[in-house]
Amino acid sequence: MADYLVIVESPAKAKTIGKYLGKKYTVKASMGHLRDLPKSQTGVDVENNYEPKYITVRGKGPILKELKTAAKKVKKVYLAADPDREGEAIAWHLANSLGIDTDSDCRVVFNEITKSAIKESFKHPRPINMDLVDAQQARRILDRLVGYNISPLLWKKVKKGLSAGRVQSIAVKMIIDREKEINAFVPEEYWSIEGEFKREKDTFQAKFYGLDGKKKELKSKEDVDDIHKRMKGKSFTVQKVTRKERKRYPVQPFTTSSLQQEAARKLNFRAKKTMMIAQQLYEGIDIGKEGTIGLITYMRTDSTRISETARAETESYIIENYGKEYTRKEQRKSKKNTNAQDAHEAIRPTSVVKDPKTVKSYLSRDQYRLYKLIWERLVASEMAPAVMDTMSVDLENNGVLFRANGSKLKFAGFMKVYVEGKDDEKKEEDRFLPDLKEDEKVQNEEFNDNQHFTQPPPRYTEARLVKTMEELGIGRPSTYAPTLDTIQRRNYVALEDRRFVPTELGEIVSELMVEFFPEILDVEFTAKMENDLDYIEEGRQNWIEIIDNFYEGFEKRLKKAEEEMEEVEIKDEPAGEDCEKCGHPMVFKMGRYGKFMACSNFPECRNTKAIVKEIGVKCPNCKVGNVVERKSKKQRKFYGCDRYPECEFVSWDKPIARTCPKCDSMLVEKKTKKGVHVQCSQCDYKEEPN
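So for the sequence shown, this note's numbering puts the first residue at 725; every next one is plus one.
Following this line, the structure appears as structure tokens:
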């Protein structure tokens, strides 16, 4: 019989840890929280210092009974939930349920699930940290007071099933405010002149820069014409040549936020998916002879620091695989976000020796891609900067200046392993210029005048929204993914081409929130609340005082809203066609999986139809139906025959109204980072991206 019981959250984590601890330890999973506030009521006694009313989570009774039985059979119980506020709260609830003294050395924490880390952590058990517990309780109670008081009001005044939350409400408002900026944007015209120049056999490009040594903007066609009139002949003089060596430094290892952003850019992962896969890599993967092992460190963190052990191991790996010249010469200080708690290391591989190729055969495709991203980011962060040779040349003709910029990679440094993605990514390539000298003559071959218009700010992608929320101090590592998931499930926003667009419902709810609960929608107020929660965690603030300060004003606003908020009628939008069953007009409705068409004669007629969009292509399968655009339950676009289920043709790629010149099969549009290209669905025929 085992002497010790260890309780973790998940079976995967229990399996990995159990292997390292041996026969004296029994490891069981609580499956997350066993106690929580009740779903049927607020569960917070505002008259008694906001005392929370905790109950056993529905369906968790048998698990709790099993843990109590197991606890009675051992000498000691260790609580090994995740090393954050939520994990500390889970441990505290378990201690209370199992009758464990919270001041005893019952709590074990580790940042990575490896044999050495687990063994070391059990040498240093500690009491439960009540400051961490209080911080989690304060967030939970605040969110419950907001959600369970405002949501019923929205149900009554607007529509059943709505919800309001502190962080989700401000995220929706940010998306709405951006849409307003876009709609109010007035584009401004501007022009550019690109010239092609020749020196002997060499040709190169340069752009108009300015007049008489000063930069000048071209705002109209008249400005462009004036520049052409000013120039005399085709000959330009090389007025100035500037050569420099530029260093490009690697980015730091991943935080939760930067991992979600980069996985969105490079892997097209949603934040929720990124965190789910990262959890799997953290909890443990069976990698053959070594058995189950955690491949990455804890994935909820806002720190970029790594341990000296990890740094030394990474440096050794770089020397062995790339050479000493690729190691970083100077130690770089981590840039600490002012909102960062810095409780854990950055997200990194538990061992850099386990490179992606070594473990690829044991991972799913998505696990491998995310692990590779994390591994490359760590290795690159410890490598030398890349060195670029840059060259800038000013060309002059009667006071008209054109400027050419060239660069070439002199030393790859960290770029040999990894380059950070950008939201509007442009591949960096070598741009060569001839070895020009000052006072030398070059000849213009051609000018291209280009009209442009300024663009409105872009809509938020998941990556951009997470980044902005982090910069504003809204939310924390554990909240980004669930917040983005919630605002989409509630139909407050929708994703179009991977960018957030507010819905009519989202705008209505946000307007009511701004009118009656402005502090919840105030960025500074929300950021201050997050800081107050951090202060509770650090033992600098009392959690009851923080909640009391908030609730005093909130309660007054709630009473005012209950009296003054008017009911809002959301009218169904006509779909422009009649029901084929009863003849009544069809209307657009919003359901769990997005918009659909339904008969306006409901409940007498329950006819519903999916919204489909024709793309002007005949079905390649049955040759009778038309191909239409549809959406899956996860809101992913796909294409199918409108005669389904008679014809089962389906394609993730968009078919086009041409056939392959090689094999006469269907041609489809394929999206890549370089653009959209056309390729055959059956053979290797491919057209260049447009």
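Every residue, glycine too, gets a C-beta built ideally from N, C-alpha and C.
Note that this is a predicted model, so its numbers are computed, not measured.
Every alpha helix (DSSP H) of 4 residues or more that sits fully in the region 847-902 is shown, in chain order, as 854-881. For CYS1365 and VAL1400, the gap between their C-alpha atoms comes out near 23 Å. Straight across, the Cα-Cα distance linking ALA1104 with ALA1136 is about 11 Å.
In the DSSP assignment, LYS1078 falls outside any beta strand (DSSP E) and carries neither an H nor an E. Separation of LYS938 and VAL1124 (C-alpha to C-alpha, rounded to the nearest whole angstrom) is 10 Å. Collapsing the DSSP output to three states places LEU1219 in a strand.
Where GLU836 is concerned, there is no enclosing alpha helix (DSSP H), because DSSP gives it neither an H nor an E. The shortest CA-to-CA distance from GLU836 to any of HIS1068, VAL1311, SER1389, ALA1110 is the one to HIS1068. Taking 8 Å as the upper bound for CB-CB distance, THR1207 and ALA813 are not in contact here, some 19 Å apart. Put simply, the backbone Cα of CYS1407 is about 7 Å away from that of CYS1387. Note on geometry: alpha-carbon atoms of ASP825 and ALA815 lie some 11 Å from one another. The DSSP-derived three-state label of GLY1137 is helix. For ASN1273, no beta strand (DSSP E) encloses it; the enclosing alpha helix (DSSP H) starts and ends at 1267-1288. ASP855 is positioned such that its CB atom lies closer than 8 Å to that of ILE1260.
Relative to ASN1168, the option among ARG863, VAL770, GLU920, LEU866 whose CA is nearest is GLU920. Under the DSSP assignment, HIS817 falls in the alpha helix (DSSP H) whose first and last residues are 809-822. Using a Cβ distance threshold of 8 Å, ALA726 and VAL732 do not count as a contacting pair. Secondary structure note for ARG1188: its alpha helix (DSSP H) is the uninterrupted segment 1186-1196. No Cβ-Cβ contact shorter than 8 Å links GLY885 with VAL870. Shortest Cα-Cα distance from ALA1070 to any of GLN1091, ARG1035, LYS1084 involves ARG1035. Ranked by Cα distance from LEU818, the first of LYS1053, ASP867, ASN772, LEU729 is LEU729. Ranked by how close their Cα comes to the Cα of ARG1183, the residues SER1075, PHE1224, GLU1293 have PHE1224 in first place.
Shortest Cα-Cα distance from ARG970 to any of PRO1109, ILE1198, SER1088, SER916 involves PRO1109.
Put simply, the region 1078-1091 does not touch the region 912-931. Fewer than three CB pairs are less than 8 Å apart.
Per DSSP, reduced to three states, the secondary structure at HIS952 is helical. With contacts defined by Cβ atoms closer than 8 Å, LEU1005 and ILE1017 do not form a contacting pair.
Annotation: THR740 to GLU912 spans about 60 Å, alpha carbon to alpha carbon.
Contact between the region 765-780 and the region 744-756 is absent: fewer than 3 CB-CB pairs across the two stretches fall below 8 Å. For ILE917, the enclosing beta strand (DSSP E) stretches over residues 913-923. Assigned with DSSP and collapsed to three states, GLY742 falls in helix.
Shown here, ASP947 sits in a helix according to DSSP, grouped into three states.
The continuous alpha helix (DSSP H) containing ASP1256 extends over residues 1247-1261. Runs of the beta strand (DSSP E) lying entirely within the region 750-817, each at least 3 residues long, are 800-803 in chain order. In this structure, DSSP gives LYS940 a state outside helix and strand, which the three-state scheme calls coil. Bounds of the beta strand (DSSP E) holding VAL730 are 728-732. Only residues of its own chain outside the window of five on either side were considered, and among them ALA895, MET898, ILE899, LEU1208, PHE1224 have a CB closer than 8 Å to the CB of LEU1189, listed in chain order.
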